[in-house]
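Counting along the sequence shown from 1, when you hit position 17 you're at 124 in the numbering used here, and nothing is skipped either side. Think of the CB as a built atom: it goes at the ideal place given N, C-alpha and C, for glycine as much as any other residue. Quick notes on the structure that follows.
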Amino acid sequence: EAKARAFKVKVKSMDDFPVTELPDEHLLISVASTTGQGDAPDNMRSFWSFLLRRSLPPDSLSSTHFAVFGMGDSSYAKYNL
């Protein structure tokens with residue numbers, strides 16, 4: 108559907124995404140599922156660390172439109188934190 112609407116589509120796991128290029132992305136749709144007892148997946152650690160960097164300028168993602176879909180089990184202790 109996205110290609111039919113002339114979007115350039117890339118599907119990558121979070122650990123394969125070049126996070127330093129994130130500020131250059133116009134649109135990002137991220138899907139993540141929890142593991143164990145509601146923990147974040149291991150393959151998103153570098154992605155998340157990049158977003159938490161103190162040296163990341165506050166407006167660096169101002170032109171990036173994004174959506175995040177988190178999937179998990181509501182019985183987890185850390186569900187939706």
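DSSP bridge partner residues for residue i (one or two, in chain order)
{"i": "H172", "result": "L134"}
{"i": "S182", "result": "In the DSSP output, where bridge partners are listed per residue, S182 has none listed."}
{"i": "S167", "result": "According to DSSP, S167 bridges with nothing at all."}
{"i": "D122", "result": "Beta-bridge pairing links D122 to no other residue."}
Given residue i as reference, the closest of the options once Cα atoms are compared
{"i": "D123", "options": "M178, Q144 and N150", "result": "N150"}
{"i": "R152", "options": "V126, S162 and K117", "result": "V126"}
Cβ-based burial, residue i [other Cβ within 10 Å; buried from 16]
{"i": "F154", "result": "buried"}
Host alpha helix (DSSP H) of residue i (start-end)
{"i": "R161", "result": "Looking at the DSSP string, R161 is not in any alpha helix (DSSP H), and its letter there is neither H nor E."}
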